[in-house]
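Notes follow the structure.
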Amino acid sequence: MLKGLGNLGDMAKMMAKAQEFQGKMAEAQAAVEALEVEGEAGAGLVKATVTGKGELKRLSIDPTLFVPEDREAVEDLIVAAIKTAQDRAAEAAQAEMAKAAEGLPLPPGMKLPF
403 MLKGLGNLGD MAKMMAKAQE FQGKMAEAQA AVEALEVEGE AGAGLVKATV TGKGELKRLS
463 IDPTLFVPED REAVEDLIVA AIKTAQDRAA EAAQAEMAKA AEGLPLPPGM KLPF
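Going by my numbering, the sequence shown opens with residue 403, and the numbers climb by one from there.
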């Protein structure tokens with residue numbers, strides 16, 4: 403007759419796991435979107451805040467940096483602060499996704515999102 407009908411229970415379990423995983427991933431993505439991370443440069447003279455997706459939300463520059471001859475140094479600090487914030491956001495997003503994937507039989511070293 404139809405071979406494999408005995409495995410329907412296993413398939414149902416797999417589908418339930420897949421739906422559970424999908425729910426966890428949606429929660430993790432929402433957490434990443436709500437996340438805000440700050441990076442700084444120049445001992446806190448320049449601070450950048452980005453979302454979990456790396457979008458710049460705020461930039462704070464200490465007023466003592468507004469000296470015309472230091473313009474290039476300030477620009478470098480701004481870039482460094484934004485880069486630091488984006489790196490931290492990426493790490494936090496990866497951690498959120500890893501939490502969502504806990505307990506799944508994923509191959510070692512597989513990064514999320516896929």
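Beta carbons are placed, not taken as given, at the ideal position from N, Cα and C, and that holds for glycine.
Would you call the CB atoms of A482 and V448 closer than 9 angstroms?
Yes.
When DSSP builds the beta bridges, which residues end up paired with V452?
Looking at the DSSP output, V452 sits in a beta bridge with V439 and L458.
If I measure Cβ to Cβ from A443 and keep anything under 6 angstroms in the same chain, skipping five residues before and after, which residues do I get?
Cβ neighbours of A443 beyond the five flanking positions: L479, A482 and A483.
Delimiting residues of the alpha helix (DSSP H) encompassing D489
D489 -> alpha helix (DSSP H) spans R473 to A502.
Would you mind stating whether A494 and G446 have Cβ atoms separated by less than 9 angstroms?
In terms of Cβ geometry, A494 and G446 do not form a close pair [threshold 9 angstroms].
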